[in-house]
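Below: one structure, written as structure tokens.
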Amino acid sequence: MPIRNLTSWDVVLAGYVKAGELELARKAFSSMRVKDDVSWSTMIVGFVQNGCFDEAFGFFRELRRAGFRPNEASLTGVLSASAQAGAFEFAKILHGFIEKAGFLWMISVNNALLDAYSKCGNVGMARFVFETMPEKKSIVSWTSMITALAMHGYGKEAIRLFHKMEDSGIRPDGIT
């Protein structure tokens, strides 16, 4: 690469992970003298999208050890890994970190946390996240909670929540 600035490195990383070339992405990432939150997020999200959840968890841990503050993309990415891997304990640890670091105002992070708890089979924690969301709930929030209830045997409660969503002015979409 003729000009090696941070942006060009981040573009290379994104290209590699999008193409599924994870070892090339890892080598490029390792050879970067300077990394930013985009570099870290690209690796975390890219490895999650390629089904490499343990590696995504590892990159998140490295990000923290390197002194970086996670951003919205890295948090939702690692929460997605927790959901897909059924890593309930890791999701709980992330929840504590998210609270302490002040990320609970981000609706996307709340939605990813709700999804992780739901897919890990803990409807109680999913419900807690849903009920304590500080922002107005999005259609994704409502749909995620309704789906969690329905998938875990709480059909009547899911229907009640659906009606509550409609009463709150949120219109269902094709997924809800």
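So for the sequence shown, numbering that gives the first Met the number 0 puts the first residue at 0; every next one is plus one. Think of the CB as a built atom: it goes at the ideal place given N, C-alpha and C, for glycine as much as any other residue. Just so it is clear, the structure is predicted and the values come from calculations on it, not from any experiment.
For the pair Ala82 and Ala115, the CB atoms are nearer than the 8 angstroms cut-off. Ranked by Cα distance from Ala65, the options Ile43, Trp39, Ser79, Ala84 are led by Trp39. Taking a C-beta distance under 8 angstroms as the contact criterion, Phe102 and Ala80 do not qualify as a contact pair. Contact between Leu78 and Asn49 is absent: CB atoms are separated by about 17 angstroms, not below the 8 angstroms threshold. Taking a 10 Å sphere around the C-beta of Asp9, we find 16 or more other C-beta atoms and assign the residue as buried.
With a contact defined as Cβ atoms closer than 8 angstroms, Ile92 and Leu74 miss out at about 12 angstroms. DSSP, read as helix, strand or coil, puts Phe67 in coil. About 6 angstroms separates the CB atoms of Leu160 and Met144; that is less than 8 angstroms, so the two are in contact.
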